[in-house]
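Everything on this sheet refers to the single structure shown next.
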Amino acid sequence: MTVKAFEEHIPDIHPDAYVDPMAYVSGQTTLGEGSSVWPMAVVRGDINHIRIGKLTNVQDGAVLHVTHGGEYSTPEGRPLLIGDEVTIGHRAVLHACTIGNRCLVGMGAIVLDGAVVEDEVMIGAGSLVPPGKVLASGHLYVGSPVKMARPLTDKEKAYFSYSANYYGKLAGRTRDSGSD
Numbered sequence: 009m010t011v012k013a014f015e016e017h018i019p020d021i022h023p024d025a026y027v028d029p030m031a032y033v034s035g036q037t038t039l040g041e042g043s044s045v046w047p048m049a050v051v052r053g054d055i056n057h058i059r060i061g062k063l064t065n066v067q068d069g070a071v072l073h074v075t076h077g078g079e080y081s082t083p084e085g086r087p088l089l090i091g092d093e094v095t096i097g098h099r100a101v102l103h104a105c106t107i108g109n110r111c112l113v114g115m116g117a118i119v120l121d122g123a124v125v126e127d128e129v130m131i132g133a134g135s136l137v138p139p140g141k142v143l144a145s146g147h148l149y150v151g152s153p154v155k156m157a158r159p160l161t162d163k164e165k166a167y168f169s170y171s172a173n174y175y176g177k178l179a180g181r182t183r184d185s186g187s188d
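Take a look at the structure:
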């Protein structure tokens with residue numbers, strides 16, 4: 009795995025988290041217990057901080073980054089904050105946004121600066137969440153730009169914890185298999 013300091017900032021990776029050997033994690037990044045970062049994912053906490061909660065999985069090819077401060081942002085910039093039990097699909101891009109607990113960001117979805125995704129939200133594959141958009145809890149959002157499609161079913165809400173626990177176990181199996 010490539011885990012790199014940026015200036016004086018060293019990633020804080022929980023001992024029970026998993027970072028694949030082909031992933032990249034840098035700077036002011038905190039990775040919570042049981043979370044995982046899979047091949048070709050990039051988590052760059054260089055110019056601001058990234059916090060990834062417990063049992064969150066960052067799948068293959070996802071890109072996670074932040075925004076610096078300045079006249080085109082906020083004075084302090086924007087961090088990337090991700091809650092617990094979040095599934096971030098393959099090739100998703102999260103940039104300086106907030107993702108609540110028990111969410112799914114579909115494959116290839118893009119969530120931009122200042123967007124807030126409340127708890128228990130599903131974002132469809134290939135969707136675009138524009139800067140500053142707030143996605144209300146308990147709904148499926150799809151499209152480019154995203155629109156609220158419908159409330160989530162109980163089965164869909166149960167999937168959040170299922171996916172989080174599945175990837176937590178898969179990370180343990182991968183680590184234990186000695187493929188590092």
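At position 144 of the sequence shown the residue is numbered 152 (our numbering), and the sequence of numbers has no breaks.
Using N, Cα and C, we set each Cβ at its ideal position, and we do this for glycine too.
For Leu72 against Leu88, the beta-carbon gap comes to about 6 Å, under 8 Å, which counts as contact. Residue pairing by DSSP puts Thr106 in a beta bridge opposite Leu89, Val124. Look at Gly176 here: in three-state DSSP terms it is helix. Around the beta-carbon of Arg86, 16 or more other beta-carbon atoms lie within 10 Å, marking it buried. Taking every protein chain shown into account, the CB of Arg52 has 16 or more other CB atoms within 10 angstroms, so this residue is buried. When the alpha-carbon of Pro23 is set against those of His76, Ala117, Glu126, Ser44, the nearest one is in Ser44. When secondary structure is reduced to three states using DSSP, Arg99 falls in the coil class, being assigned neither helix nor strand.
The three-state secondary structure of Ser81, taken from DSSP, is coil. One alpha carbon belongs to Thr10, the other to Asp20, and they sit about 13 Å apart.
Across the structure, His103 and Val74 are spaced so that their CA atoms are roughly 5 Å apart. Comparing C-alpha distances from Gly35 to each of His57, Ala49, Pro29 shows the shortest one belongs to His57.
Taking a C-beta distance under 8 Å as the contact criterion, Leu178 and Met130 do not qualify as a contact pair.
Relative to Gly78, the option among Glu128, Ile55, Gly134, Asn65 whose CA is nearest is Ile55. Straight-line spacing of the CA atoms in Asn65 and Ile96 works out to 6 Å.
Taking the Cα positions, Tyr32 is about 19 Å away from Gly176. Beta-bridge partners of Asn65 (DSSP): Ser44, Thr95.
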